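The structure under discussion appears below in the form of structure tokens.
Protein chains: 2
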Amino acid sequence: MRLLLAEDERALSKALTTILERNHYSVDAVYDGQEALDYLECGQYDGVILDIMMPKLDGISVLKTIRAKGNLVPVILLTAKSEVDDKVEGLDSGANDYLTKPFQTKELLARIRAMTRVGTTQATARLQMGNITLDQTTFELSSPNGSMSLTNKEFQMLELLMSNPHQYITTERFMEKIWGYDSQAELNVVWVYISYLRKKLTALGANIQIKAKRNAGYALEELT
Amino acid sequence: MRLLLAEDERALSKALTTILERNHYSVDAVYDGQEALDYLECGQYDGVILDIMMPKLDGISVLKTIRAKGNLVPVILLTAKSEVDDKVEGLDSGANDYLTKPFQTKELLARIRAMTRVGTTQATARLQMGNITLDQTTFELSSPNGSMSLTNKEFQMLELLMSNPHQYITTERFMEKIWGYDSQAELNVVWVYISYLRKKLTALGANIQIKAKRNAGYALEELT
DNA sequence: CATTTTAAGCTTTATTTAAAGTTGGTGGGA
DNA sequence: TCCCACCAACTTTAAATAAAGCTTAAAATG
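Sequence order for the protein chains is A and B. Residues in the first sequence are numbered consecutively from 86, following my numbering. Residues in the second sequence are numbered consecutively from 86, following my numbering.
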């Protein structure tokens with residue numbers, strides 16, 4: 086999961102970035118509204134955390150601009166004020182959620198999970214396929230035979246695969262969604278993580294597998 | 086934009102309605118196939134989201150019925166299954182798109198936008214002729230008898246043929262469109278791929294064939 | 001020190017070439 | 001006019017070459 090964090094207070098931005106990365110998100114941090122807009126135009130994000138009061142361009146303007154362009158990325162607004170007017174304006178402009186500073190990191194994390202949740206039916210923080218479960222709060226991969234923990238990158242790769250079962254995801258798309266559109270890393274790194282994940286799935290006796298299809302990418306399929 | 090949502094799981098229906106309304110669609114929700122048919126007869130919709138498995142009347146029957154009456158409203162089918170048979174039958178019955186549960190709301194929204202876009206040159210993700218379907222995202226070639234995957238070049242050749250049914254395409258034109266203007270490759274390579282494709286079409290029991298006409302090139306024709 | 005990234009050698013699969021058939025139209029001789 | 005040799009257009013297969021993907025270990029990062 087790739088998040089954009091737009092927050093001009095350096096100390097808070099730094100702290101949030103650390104917390105988010107520890108929770109297995111990839112984070113791009115920007116420090117004003119104009120920068121936020123630039124990143125949103127280029128990159129593909131699963132969620133945006135947007136401070137309202139920022140230099141150059143305020144958060145609500147950023148939000149209005151991207152919504153006007155048809156970008157439906159989930160957005161959480163942050164603000165020091167708790168005034169009703171702001172809240173209403175923010176939600177009217179297309180925000181998905183709203184958080185008043187100061188807040189507990191626990192609450193922020195819960196709201197990010199809620200906002201980026203797949204399928205919308207169930208309030209589970211777990212992805213499931215075959216005899217394999219991926220817990221999105223503990224980053225544990227488990228099967229009836231046991232469980233093991235995944236590293237940040239491993240987790241994000243598998244999360245993307247499990248969120249789109251049977252759909253092929255190209256190496257380039259993994260790069261963009263996990264490493265970011267401006268990453269310098271070699272495509273090779275994706276293959277390395279596919280290899281690691283296969284090893285772990287095999288070790289757990291999974292009845293699903295990561296299939297490769299030339300030029301189409303990778304997809305999760307039931308073992309036949 | 087006015088949408089009809091036919092989905093019998095109440096929780097999912099509720100969630101989808103909320104999301105769609107937040108994205109500025111007007112939504113009529115119905116909970117079985119018969120109701121869907123009733124609404125479609127009276128109302129004027131810009132798009133329909135149709136679950137396949139529903140009480141009273143399944144989604145594919147609803148789709149067939151309205152298409153038989155000449156109703157061309159765009160339809161996205163939803164299903165829990167990802168089986169080839171279903172997919173082929175759904176598309177054969179006149180669905181515009183197909184989505185397997187669970188899906189990202191982002192994806193549904195994107196497909197609704199694509200489906201309801203007027204005047205654009207129908208950038209559907211698949212090509213169809215006779216009992217054969219070509220999926221442009223997975224390079225899968227399928228018929229009621231099964232499916233097999235195509236290599237990159239095979240796919241491009243068949244894509245060109247299926248986009249221009251009944252039209253003869255010369256060997257030189259294949260070369261230019263697929264291998265590029267300045268390719269060093271022999272013309273022969275086109276003939277080789279025609280041969281490979283015929284073999285695969287035969288294996289799938291296709292009721293279409295690649296016909297050759299001397300000096301005119303190749304075209305897809307129904308089997309007589 | 002755990003995680004991430006790079007690099008290298010290896011395996012598998014796709015693409016291209018080459019060569020050995022087929023087919024069908026054309027033109028010249030009986 | 002009919003028949004047949006001939007040739008160019010196409011077909012198919014097998015083998016050679018190229019590309020894509022896999023795995024491991026070692027180097028870099030923080």
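Backbone N, C-alpha and C fix where the C-beta goes; we use that ideal spot for every residue, glycine too. Remember, it's a predicted structure, so these values are computed and weren't measured experimentally.
Cutoff 7 Å: residue i Cβ touching any chain A Cβ
{"i": "Thr102/B", "result": "no"}
{"i": "Thr205/B", "result": "Its pLDDT being 35, under 50, Thr205/B is placed unreliably by the model, and the measurement read from it follows with that caveat. Chain A contact via Cβ: absent."}
{"i": "Asn230/B", "result": "no"}
{"i": "Thr164/B", "result": "no"}
{"i": "Thr218/B", "result": "no"}
{"i": "Leu148/B", "result": "no"}
{"i": "Leu289/B", "result": "no"}
{"i": "Leu194/B", "result": "yes"}
Helix, strand or coil at residue i [DSSP, three-state]
{"i": "Lys298/B", "result": "strand"}
{"i": "Met139/A", "result": "coil"}
{"i": "Gly132/A", "result": "strand"}
{"i": "Tyr124/B", "result": "helix"}
{"i": "Met242/A", "result": "helix"}
{"i": "Tyr253/A", "result": "coil"}
{"i": "Leu162/B", "result": "strand"}
{"i": "Met247/A", "result": "helix"}
{"i": "Arg281/A", "result": "Before going further, note that residue 281/A is Tyr rather than Arg in the sequence given. If DSSP states are grouped into helix, strand and coil, Tyr281/A belongs with the helices."}
{"i": "Ala304/B", "result": "strand"}
{"i": "Ser178/B", "result": "coil"}
{"i": "Ala91/B", "result": "strand"}
{"i": "Thr223/B", "result": "coil"}
{"i": "Gly231/B", "result": "strand"}
{"i": "Met214/B", "result": "strand"}
{"i": "Leu184/A", "result": "strand"}
{"i": "Gln207/B", "result": "Since pLDDT at Gln207/B reaches only 38, below the 50 mark, its modelled position is unreliable, and no value is offered."}
{"i": "Ala96/A", "result": "helix"}
{"i": "Ser316/A", "result": "Since the first and last residues shown for chain A are 86 and 309, residue 316/A lies out of range."}
{"i": "Ala114/B", "result": "strand"}
Cα-Cα separation, residue i to residue j
{"i": "Ile137/B", "j": "Asn181/B", "result": "14 Å"}
{"i": "Lys141/B", "j": "Leu226/B", "result": "33 Å"}
{"i": "Leu286/A", "j": "Thr150/B", "result": "45 Å"}
{"i": "Ala153/B", "j": "Val147/B", "result": "10 Å"}
{"i": "Tyr305/B", "j": "Asp267/A", "result": "The displayed chain sequence assigns Leu, not Tyr, to residue 305/B. For Leu305/B and Asp267/A, the distance between alpha carbons rounds to 43 Å."}
{"i": "Val133/A", "j": "Ser98/B", "result": "26 Å"}
{"i": "Gln129/A", "j": "Gly265/A", "result": "8 Å"}
{"i": "Leu245/A", "j": "Met86/A", "result": "8 Å"}
{"i": "Glu92/A", "j": "Leu157/A", "result": "20 Å"}
{"i": "Leu90/A", "j": "Tyr124/A", "result": "10 Å"}
{"i": "Asp113/B", "j": "Glu120/B", "result": "11 Å"}
{"i": "Gln252/B", "j": "Thr236/B", "result": "23 Å"}
{"i": "Leu193/B", "j": "Asp131/B", "result": "15 Å"}
{"i": "Leu219/B", "j": "Met247/B", "result": "9 Å"}
{"i": "Gln213/B", "j": "Leu88/B", "result": "26 Å"}
{"i": "Phe259/A", "j": "Tyr303/A", "result": "10 Å"}
{"i": "Ile217/B", "j": "Glu257/A", "result": "30 Å"}
{"i": "Ala288/A", "j": "Leu122/B", "result": "50 Å"}
Exposed unless 16 or more other CB atoms sit within 10 angstroms - verdict on residue i
{"i": "Gly231/A", "result": "exposed"}
{"i": "Asn108/A", "result": "buried"}
{"i": "Pro159/B", "result": "buried"}
{"i": "Gln221/A", "result": "buried"}
{"i": "Glu126/B", "result": "exposed"}
{"i": "Val115/A", "result": "buried"}
{"i": "Arg196/B", "result": "buried"}
{"i": "Pro250/A", "result": "buried"}
{"i": "Glu106/B", "result": "exposed"}
{"i": "Gln241/A", "result": "buried"}
{"i": "Lys262/A", "result": "buried"}
{"i": "Met139/A", "result": "buried"}
{"i": "Thr309/A", "result": "exposed"}
{"i": "Ala301/B", "result": "exposed"}
{"i": "Ser178/A", "result": "buried"}
{"i": "Ser111/A", "result": "buried"}
{"i": "Ala208/B", "result": "Low local confidence applies: a pLDDT of 42 at Ala208/B is under 50, so the model's placement there is unreliable, with the coordinate-based value given in what follows. That one is exposed."}
Chain B contact for residue i (CB, 7 Å cutoff)
{"i": "Leu157/A", "result": "yes"}
{"i": "Asn108/A", "result": "no"}
{"i": "Asn300/A", "result": "yes"}
{"i": "Ala208/A", "result": "For Ala208/A, the predicted structure reports a pLDDT of 41, less than 50, and the residue's modelled location is therefore unreliable. A value from the coordinates is still provided. Not one chain B Cβ lies under 7 Å of Ala208/A."}
Along the stretch 222-253 of chain B, what residues have a CB closer than 8 Å to any CB found in chain A? Thr222, Thr223, Phe224, Ser234, Thr236 and Asn237
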